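Chains as they are written, first to last, in numbering that gives the first Met the number 0: chain A, 0 to 390; chain L, 0 to 167.
Structure first, then comments.
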Amino acid sequence: MNDDEYGTSLLRPLDTGVPDGPSRINVAKAMGDGRRARRVRTVSTAAVITAVVATAGALVLRPTTEHVLPALPPDPVKPSSCVAQKLEFGKAASAEVTGGDPTGTYLVGTTNSWAGAESRTVLVWEKGELTASVPTPERMPVMSDINGSGIAVGGTAEMPSLPFFLRDGKVTRLKGDGTAIAINEAGEIAGNYEKRGEAAPQRWASPDAEPEVMPVPAGANGGRTVDIDENGTVVTSFYTTKGEKAFLWHADGSVEPIAGPDRLDRSNVQPIAFHFGWLYAEVRGGQSSAAGRSDSGIQRYHVPTRTWQQVSAATWEAHVPAPTNIGGFQSEIPQVFVGRQILELPDMTETPDDGYTVDFISENAKVVAGNKFSLTASDNNPPDPIIWSCR
Amino acid sequence: MDDEYLAYVNGRLASLRRLAFLLSGSRDQADDLVQEAITKLYARWPKISRTDNVDTYVHTAIVRAFLVEKRRGWWRRTNRPAPPERAEEEAPMLRTALRRIPARQQAVLVLRFLGDHSVADVAQILGCSEGTVESQTSHGLSALRRILGPTAHAANLFPAVKIQEGGL
Numbered sequence: 000m001n002d003d004e005y006g007t008s009l010l011r012p013l014d015t016g017v018p019d020g021p022s023r024i025n026v027a028k029a030m031g032d033g034r035r036a037r038r039v040r041t042v043s044t045a046a047v048i049t050a051v052v053a054t055a056g057a058l059v060l061r062p063t064t065e066h067v068l069p070a071l072p073p074d075p076v077k078p079s080s081c082v083a084q085k086l087e088f089g090k091a092a093s094a095e096v097t098g099g100d101p102t103g104t105y106l107v108g109t110t111n112s113w114a115g116a117e118s119r120t121v122l123v124w125e126k127g128e129l130t131a132s133v134p135t136p137e138r139m140p141v142m143s144d145i146n147g148s149g150i151a152v153g154g155t156a157e158m159p160s161l162p163f164f165l166r167d168g169k170v171t172r173l174k175g176d177g178t179a180i181a182i183n184e185a186g187e188i189a190g191n192y193e194k195r196g197e198a199a200p201q202r203w204a205s206p207d208a209e210p211e212v213m214p215v216p217a218g219a220n221g222g223r224t225v226d227i228d229e230n231g232t233v234v235t236s237f238y239t240t241k242g243e244k245a246f247l248w249h250a251d252g253s254v255e256p257i258a259g260p261d262r263l264d265r266s267n268v269q270p271i272a273f274h275f276g277w278l279y280a281e282v283r284g285g286q287s288s289a290a291g292r293s294d295s296g297i298q299r300y301h302v303p304t305r306t307w308q309q310v311s312a313a314t315w316e317a318h319v320p321a322p323t324n325i326g327g328f329q330s331e332i333p334q335v336f337v338g339r340q341i342l343e344l345p346d347m348t349e350t351p352d353d354g355y356t357v358d359f360i361s362e363n364a365k366v367v368a369g370n371k372f373s374l375t376a377s378d379n380n381p382p383d384p385i386i387w388s389c390r
Numbered sequence: 000m001d002d003e004y005l006a007y008v009n010g011r012l013a014s015l016r017r018l019a020f021l022l023s024g025s026r027d028q029a030d031d032l033v034q035e036a037i038t039k040l041y042a043r044w045p046k047i048s049r050t051d052n053v054d055t056y057v058h059t060a061i062v063r064a065f066l067v068e069k070r071r072g073w074w075r076r077t078n079r080p081a082p083p084e085r086a087e088e089e090a091p092m093l094r095t096a097l098r099r100i101p102a103r104q105q106a107v108l109v110l111r112f113l114g115d116h117s118v119a120d121v122a123q124i125l126g127c128s129e130g131t132v133e134s135q136t137s138h139g140l141s142a143l144r145r146i147l148g149p150t151a152h153a154a155n156l157f158p159a160v161k162i163q164e165g166g167l
């Protein structure tokens, strides 16, 4: 039996047709997002031309001023320029930066990020310089976040999931099962309980504490942690009978659903990450404006005042860095949201196969980190971690 | 122009969803892959629709989105909360084994033996040589054979065998 015959025979049982159940594919949304992507490409090209003209003609462009309600946190100033630099990672075949602390002093990452790797090392960069390269235990966890004390958290990339943390140059198991996702400056950790197919958000009061599993909201299941803020509030996402819904798990233990921008529960809110005092989210469906415009796109939510603001009608216009890959995508040009504006980052493109993720931005928007990837996942073009230093 | 796009997508949606599901093994992730692919397709429809390779373009978009996610090692950290799975939807041994082999080998096997693509088509989709497709096929089948054991040729055994996720 040759490979053709053997392969056909072996895999035939999987040829069971289309998966059953309702599809979430939204062709109208694809057309809307695709139409905006066409505009983005056109605008990007025009922006380059404008920049050249501005430089040549010494044209001064003033930043637009924006009226912000006093109760809402001010956004950092959008940097005027950034410099890209590859992050050193020693002799490994490849590496990936995955997160950083709010000031951007520390970045964390891993070597050999792909699933099924035979070895991994946790990498820590301080002010852009590689300062620690820590071998991982047998299960080779990947750290996804780090705080200003240099404590990083993460979990195993392969099943079954186990949570780990890095402290004082050593990678150690967190108590319990599942995985850790994010850590705040107080050392509070949020992650997921995962065992035997069950998944629910969980948190640890400190790296040495026992985990506490979130009570599942009525009518919901299949919950996941998204991020944790400096108040210890964990934002989570659950599958419910009405679709995907976001819930806040406050430090006092209370659970609060997040109503979408239209307040009518007609939209699905997929939280992505906390930045600049806001929760960034992808919203699908719903209409809150008098003009009847769709709420779909990237919006942000201010937890203390329950205020929504539109960031972008397009989901893929720029990156929203996150400790998970929620909302993540790979783009041909690196761009990230700073507040509600888009910061275009200088690329390090060497081949047409290069694409980018942006995985971290500091709270003052002066440090951005991400990775250059092969758009075709080519073995000949391994991932490269990048830091953008902005001013 | 939009009518042509809609006609194409509506006519192909089932097959695109099937391909994405064969790669990802997850209904939700399959929908994400297809959503991304048809969005890219619309963005480039004025150009792509003038070629004879629309199918190849969309299949390439799905496969590359899958490879990128898998390569990043975050595949299991789905960007959606997992919907409750019914008992009959538990992954069979063969599907679980397929998810354990390297992503490019997985893609080659799915495209060749379940997607009915020629070696040349697969090479174009993956951006590699036909020789690489042949060697990835061979390596992928060997890997599956190692995982599944000596009875792997007895294809008719697999539909009856069900295991827990990650239980291999």
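A virtual CB, placed ideally from N, CA and C, is assigned to each residue, including glycine.
Model, not experiment: these values are computed from the prediction.
Check                                                                                                                                                            : Outcome
When you compare the CB of P18/A with every CB in chain L, is at least one pair closer than 8 Å?                                                                 : yes
Can you pull the chain A residues whose beta carbon is under 7 Å from the beta carbon of R26/L, in chain order?                                                  : P18 and G20
Here's a check: name, in chain order, each residue in its chain whose Cβ is nearer than 7 Å to the Cβ of E331/A, leaving out the five neighbours to either side. : G354
Please compile the residues from chain L whose C-beta is within a distance smaller than 7 Å of the C-beta of L106/A.                                             : None at all; the shortest Cβ gap to chain L is about 17 Å.
Kindly indicate the opening and closing residues of the alpha helix (DSSP H) around K365/A.                                                                      : No alpha helix (DSSP H) contains K365/A, which DSSP labels as neither H nor E.
Listing by chain order, which chain A residues have their CB less than 9 Å from the CB of Y7/L?                                                                  : Ordered by position in chain A, no residue passes the 9 Å Cβ test against Y7/L, which lies about 11 Å from the chain.
So, is P322/A buried or exposed, given that buried needs 16 or more other C-beta atoms within 10 angstroms?                                                      : buried
Which same chain residues, not among the five before or five after G296/A, have their C-beta less than 8 Å away from its C-beta?                                 : E281, V282, Q309, V310, S311, A312, A313 and T314
Secondary structure at D358/A, three-state DSSP: helix, strand or coil?                                                                                          : strand
Residues in the same chain with beta-carbon distance under 6 Å from R299/A, minus the five sequence neighbours each way, listed in chain order, please.          : W277, Y279, Q308 and V310
Find the residues of chain A that neighbour A29/L, judging by a C-beta separation of less than 7 Å, and give them in chain order.                                : P18
Output yes if chain L places a C-beta closer than 8 Å to the C-beta of G99/A; else output no.                                                                    : no
If you check the beta carbons only, do L113/L and V121/L fall under 8 Å apart?                                                                                   : no
On the three-pair Cβ rule with 8 Å, is the region 5-13 of chain L touching the region 366-382 of chain A?                                                        : no
If you draw a straight line from the C-alpha of I61/L to the C-alpha of Q329/A, how long is it?                                                                  : 13 Å
Between G221/A and the rest of its own chain, which residues show a CB-CB distance below 7 Å, the 5 nearest in sequence each way excluded?                       : A198, F237 and Y238
At least one CB of chain L closer than 8 Å to the CB of T7/A: is that the case?                                                                                  : yes
Compute the Euclidean distance between the alpha carbons of R98/L and F164/A, then round it to the nearest angstrom.                                             : 27 Å
State the Cα-Cα distance for the pair E89/L and F20/L, rounded to the nearest angstrom.                                                                          : In this predicted model, E89/L has a pLDDT of only 34, less than 50, meaning its place in the structure is not dependable; the value taken from the coordinates is given anyway. Using only the alpha carbons, I get a separation of about 14 Å.
By DSSP, does H318/A sit in helix, in strand, or in coil?                                                                                                        : strand
Taking Cβ-Cβ distances shorter than 8 Å, what residues in chain L pair up with G175/A?                                                                           : Within 8 Å Cβ-Cβ: nothing; G175/A doesn't reach chain L, min ~17 Å.
Counting beta carbon pairs with one atom in the region 164-174 of chain A and one in the region 132-139 of chain A, are three or more of them shorter than 8 Å?  : yes
With C-beta atoms as the reference, is I385/A less than 8 Å away from L86/A?                                                                                     : yes
In the DSSP assignment, what residue or residues form a beta bridge with P256/A?                                                                                 : F246/A
Exposed or buried, M30/A, counting other C-beta atoms within 10 Å across all chains shown (16 or more means buried)?                                             : buried
Quick one: list the residues of chain A neighbouring W12/L, beta-carbon separation under 7 Å, in chain order.                                                    : Inspection of the sequence shows that residue 12/L is occupied by Leu rather than by Trp. Correct list: I24.
For the beta strand (DSSP E) containing M142/A, name the first residue and the last one.                                                                         : P140 to I145
Does DSSP put F372/A in a helix, a strand or coil?                                                                                                               : strand
What does a CB cutoff of less than 8 Å around A102/L pick up in its chain, not counting 5 residues either side in sequence?                                      : F65, L66, K69 and R70
Could you check which residue in A217/A, A272/A and D261/A has the C-alpha nearest to that of T306/A?                                                            : D261/A
Tell me which residues share the same chain as K77/A and place their Cβ nearer than 8 Å to its Cβ, disregarding the 5 neighbours each side in the sequence.      : P62, V337, G338, Q340, L342 and A364
In whole angstroms, give me the CA-to-CA distance for Y56/L and I124/L.                                                                                          : 8 Å
Could you compute how far the alpha carbon of T235/A sits from the alpha carbon of G20/A?                                                                        : 24 Å
Given this structure, state the Cα-to-Cα distance separating E391/A from I180/A, to the nearest angstrom.                                                        : For residue 391/A there is no data in the structure shown, the boundaries of chain A being 0 and 390.
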